Structure formats: structure tokens, C-alpha cells
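Accompanying notes for the structure given below.
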Amino acid sequence: TMEDLHRLSTKTLELGAKVILIKCGSSGMYFRTEKKEKLEGLCAALRLKPEEWADKEGFEKSFEPEAVLSGTGAGDTSIAAFLASVMVGESLEEAVEMAAATGACCVAAYDALSGLKPLEQLKEKIRKGWKKNG
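The opening residue of the sequence shown carries number 910 in my numbering; numbering runs sequentially from there.
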């Protein structure tokens, strides 16, 4: 439940995490970030605006995959897409959306790499109305 995810993320923030993503299988992905003052160093290093990243919490529903062949690497590739999006200056919400999209592409292949798409292809698929689960 969202309550469980909030409790888990609170403990994780207390342990020092600044940005938290929790992959929740076919349901989607939970995200939460620290308060502005605790994010300033990270945001400065990554050239992000702390006010756009601070104190956020939400849930991104997963996208409907073309097929479900294997879950191998879906979580790992989702996090990689999130980080790649951050590195090119995407917002938190856009980065989480790219993570969810990549997870859906990954499960449509038998291995962790064959289903991966460039971020621009994912954005185009989303613009064209890629449906989400739930």
C-alpha cells in the first residue's frame, strides 16, 4: 500500500538516501525525495534545481508492455533509465516516467537488453498514447 511505501521510504530517508525509487512490479514505481536543504549538494553536483526535486512523493503507473516474456533486468534497466534521464536534465517526473517505460520494454524481451529503447523513442511512444496499467 502507499502507506507501507511511505513508511519504508521514511526509514530509507532516515538512513541517508536522497532520492528513492521502489519498483512495484506491474503496478508501477513509487518515488520520494528528501527535503530541499538535504538535496542541495546532490542537486548542485547534477545541475538540478532543488526546488523542483525537493519533498516529492508519488506513484507512476506502469506502461502496458507489448508482451510479458521475462522480468529479468526490469528493475535494473528502470533505474538506469531514471539515471540517464537525470543526467540529461529531465525533471523528476519525466525521469520516473522514463523508468516506468523502460521497465515495460524490458519485460517484452527474454533478456535484460534486447527490449531497451532510446529515451527519445520512449517519449515518442508516450506522446502517441502508450497506455498505462490500472
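All C-beta atoms in this analysis are idealised placements derived from N, C-alpha and C, irrespective of residue type, glycine included.
Keep in mind the model is a prediction, meaning the values are calculated, not measured.
If you measure between the beta carbons of Gly967 and Lys932, is that distance less than 7 Å?
No. Outside cutoff.
Would you tell me roughly how many angstroms separate the C-alpha atoms of Gly980 and Tyr1019, rounded to the nearest one?
Roughly 8 Å separates the two Cα atoms.
From Leu955, Gly998, Glu960, pick the residue whose C-alpha is nearest to that of Glu943; which is it?
For the residues Leu955, Gly998, Glu960, the minimum Cα distance to Glu943 belongs to Glu960.
Which residues does DSSP pair with Ile931 in a beta bridge?
Its beta-bridge partners are Tyr939.
Can you look up Gly984 in the DSSP assignment and give me helix, strand or coil?
Gly984 falls in the helix class under three-state DSSP.
Compute the Euclidean distance between the alpha carbons of Ala1008 and Ala1017, then round it to the nearest angstrom.
Approximately 15 Å, taken between the alpha carbons.
Please classify Glu1003: does DSSP put it in a helix, a strand, or coil?
The three-state reading of DSSP puts Glu1003 in helix, counting H, G and I together.
Could you work out which residue in Val928, Lys1026, Met996, Met938 is closest to Lys911 when comparing CA atoms only?
For the record, residue 911 in the displayed sequence is Met; it is not Lys. Nearest C-alpha to Met911: Met938.
Return the CA-CA distance between Asn1042 and Glu969, expressed in angstroms with no decimal places.
Taking C-alpha positions only, Asn1042 is separated from Glu969 by approximately 10 Å.
Simplified DSSP state of Gly998, which is helix, strand or coil
The answer is coil: DSSP assigns Gly998 none of H, G, I, E or B.
Could you pull the start and end residues of the beta strand (DSSP E) that Lys970 belongs to?
Lys970 -> beta strand (DSSP E) spans 966-970.
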